[in-house]
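**Student:** FYI, in mature numbering (1 follows the signal peptide of the UniProt record, and there is no 0) the residues of the sequence shown are -24 to -1, 1 to 284. Where is the CB? At the ideal position from N, CA and C, for every residue including glycine. Owing to the predicted nature of the structure, the values given are computational and were not obtained by experimental measurement.
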Amino acid sequence: MNLRRFSFLAILILLLAFGHESNAQLSPDYYSATCPDAATIVRNVLARTLQSYPRMGASLVRLHFHDCFVQEKGSISNARSSRGFNVVDNMKAAVERYCPGVVSCADILAIASEAAVSMAGGPSWDVQLGRRDRRVANITKANMRIPRGSESLQSIITKFAVFGLTLTDVVALSGAHTFGKGRCLIIRDRLYNFKGTGKPDPTLSLVRLKTLRKTCSVQGALANLDPVTNFKFDNQYYTNLQNGKGLFSSDQQLFSTNMASSVALVNRYSNNQTEFFVNFARSMIKMGNIMPLTGNRGEVRLNCRRVN
């Protein structure tokens, strides 16, 4: 699954749409006795998949943000996401053969997300585990929290703040757009008629504009989120923003804005990849702790596509 319809910030809003479900602590050792090789099994499936589909790592990171198996697979930001779903199905099937009925689909997504980042050259972190899968979902609530393309950075920051995520988290997590692809359809207005002006988005560099117009001239085309090192997880995303090369307006506004603190973070991450990696890993853990179902709430699905 590539980012088919909304920006990474929109996906995060979707993830946050359901609020805090549990205050229970997750643990990286949750499966140490019941399924100690779960992470290795997931990584092995991912490694085989990447040989044929090198951009699947980025797809799985974004699918984790959706957390669609325990949220709402039918929400508008999950449209046409079957590629990612199929890979998680394969991961789940492999884990089930080793330890049936133990590891949730939500935790498999969390494991796969860390694996995808680290295997692409990015940071690693201790994945917090112990989530359970939902039996119900709320598509209306999921859809209503997705920001509009014209929504201001301040509005997005305010929405995240409700759930304890700061500007630092927003800018760091947006760095997931350092690899993967996005649909040309969603950026068409940036290329030709930004906000009804009849002109392209002025924050988009002329070089990037020319390249994207050529790439997006084919119906259904996809464009690289990072035109420089697209299959590598690094800090190039922030350098791209400095040069007006962000694919989505929600990316570019992190730099092309009057918000000095956001611009400063982009500059810091562009100059210091280590700091970006540390903050990205920290923010991923923080985000993953927002709304887990734990204990006896929910279930451990045997098939990620349906409740038991």
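Ordered along the chain, which non-local residues of its own chain (more than five positions away) have a Cβ less than 6 Å from that of Gly98?
**Tutor:** Phe209
**Student:** For Val283, which residues of its own chain have a beta-carbon under 6 Å away from its beta-carbon, when the five flanking residues on both sides are left out?
**Tutor:** Arg111
**Student:** Return yes when the Cβ of Ser238 is within less than 8 Å of the Cβ of Asn211, no when it is not.
**Tutor:** Between Asn211 and Ser238, the C-beta spacing is not below 8 Å.
**Student:** Measure the CB-CB distance between Tyr213 and Thr154 and report whether it falls below 8 Å.
**Tutor:** yes
**Student:** Whole angstroms is fine: what's the gap from Ser181's alpha carbon to Phe253's?
**Tutor:** 26 Å
**Student:** From what residue to what residue does the beta strand (DSSP E) around Lys157 run?
**Tutor:** Run containing Lys157: Lys157 to Arg159, per the beta strand (DSSP E) assignment.
**Student:** What's the call for residue 342, buried or exposed, on a 16-neighbour Cβ count within 10 Å?
**Tutor:** Because the chain spans -24 through 284 in this model, residue 342 falls outside it and cannot be assessed.
**Student:** Go through its chain and collect everything with a Cβ distance to Leu278's Cβ below 8 Å, but skip five positions before and after it.
**Tutor:** Glu72, Pro76, Gly77 and Asn284
**Student:** Under 8 Å, Cβ to Cβ, is there at least one residue of chain C near Met95?
**Tutor:** Of the chains in the structure shown, none is chain C; there is only one protein chain.
**Student:** Which of the three DSSP states is assigned to Asp202 in this structure?
**Tutor:** coil
**Student:** Between the alpha carbons of Gly271 and Tyr6, how many angstroms are there, rounded?
**Tutor:** Gly271 and Tyr6 have their alpha carbons spaced roughly 12 Å apart.
**Student:** Across which residues does DSSP place Asn279 in a beta bridge pair?
**Tutor:** Arg282
**Student:** Which full runs of the alpha helix (DSSP H) of 4+ residues lie inside the region 209 to 234, going along the chain?
**Tutor:** The DSSP assignment places complete alpha helix (DSSP H) segments of no fewer than 4 residues inside the region 209 to 234 at 212 to 218 and 225 to 228, in order along the chain.
**Student:** Using the DSSP secondary-structure output, state which residues sit across from residue 311 in a beta bridge.
**Tutor:** Since the first residue of the chain shown is -24 and the last is 284, residue 311 is not available in this structure.
**Student:** In the DSSP assignment, find the unbroken alpha helix (DSSP H) run with Lys190 in it and report its ends.
**Tutor:** Per DSSP, Lys190 belongs to the alpha helix (DSSP H) from Leu182 to Thr191.
**Student:** Excluding the 5 residues preceding and the 5 following Pro261 in the sequence, name in chain order all residues of the same chain whose CB lies nearer than 7 Å to its CB.
**Tutor:** Inspection of the sequence shows that residue 261 is occupied by Ile rather than by Pro. The answer, listed in chain order, is Trp101 and Gln104.
**Student:** With burial defined as no fewer than 16 other Cβ atoms inside 10 Å of the residue's Cβ, what is the status of residue 288: buried or exposed?
**Tutor:** Look at the range of the chain in this structure, -24 to 284, and you will see that residue 288 is not part of it.
**Student:** Within 10 angstroms of the Cβ of Asn62, are there 16 or more other Cβ atoms? Answer buried if so, exposed if not.
**Tutor:** exposed
**Student:** With 16 as the cutoff for other CB atoms within 10 Å, does Gly140 come out buried or exposed?
**Tutor:** exposed
**Student:** Starting from Val242, follow the alpha helix (DSSP H) in both directions and report where the run begins and ends.
**Tutor:** Annotation: the continuous alpha helix (DSSP H) that includes Val242 extends over Ala236 to Asn247.
**Student:** Spatial neighbours of Val242 within its chain, please: C-beta separation below 7 Å, excluding the five flanking residues on both sides.
**Tutor:** Val147, Tyr214, Leu217, Gln218, Leu230 and Phe231
**Student:** I need the straight-line Cα distance from Ser51 to Gly60, nearest angstrom please.
**Tutor:** Unreliable placement is indicated for Ser51, whose pLDDT of 42 sits below 50; the coordinate value is still reported in the next sentence. Cα to Cα, Ser51 sits roughly 15 Å from Gly60.
**Student:** Which one of Lys157, Thr205, Asn66 and Gly106 has the shortest CA to CA distance from Ala197?
**Tutor:** Taking only the C-alpha atoms, the option nearest Ala197 is Lys157.
**Student:** Can you list, in chain order, the residues of its chain whose CB lies under 8 Å from that of Gly151, leaving out five sequence neighbours each side?
**Tutor:** Asn211, Tyr213, Tyr214, Tyr245, Phe252 and Phe256
**Student:** Note down, in chain order, each residue of its chain lying with its Cβ closer than 6 Å to the Cβ of Asp83, except the 5 sequence neighbours on either side.
**Tutor:** Leu105 and Arg107
**Student:** Which first and last residues belong to the alpha helix (DSSP H) in which Ser100 is found?
**Tutor:** Run containing Ser100: none; DSSP gives neither H nor E here.
**Student:** If you draw a straight line from the C-alpha of Glu31 to the C-alpha of Leu129, how long is it?
**Tutor:** According to the sequence shown, residue 31 is Arg rather than Glu. Near 28 Å, if we compare the C-alpha coordinates of Leu129 and Arg31.
**Student:** If distances are taken between C-alpha atoms only, which option among Ala69, Gly274, Gln1 and Gln27 comes closest to Ala14?
**Tutor:** Cα-wise, what sits closest to Ala14 is Ala69.
**Student:** Check whether the Cβ atoms of Leu188 and Ile163 sit closer than 8 Å, and answer yes or no.
**Tutor:** yes
**Student:** Quick check: the Cα distance between Gly33 and Glu275, rounded to an integer number of angstroms?
**Tutor:** 26 Å
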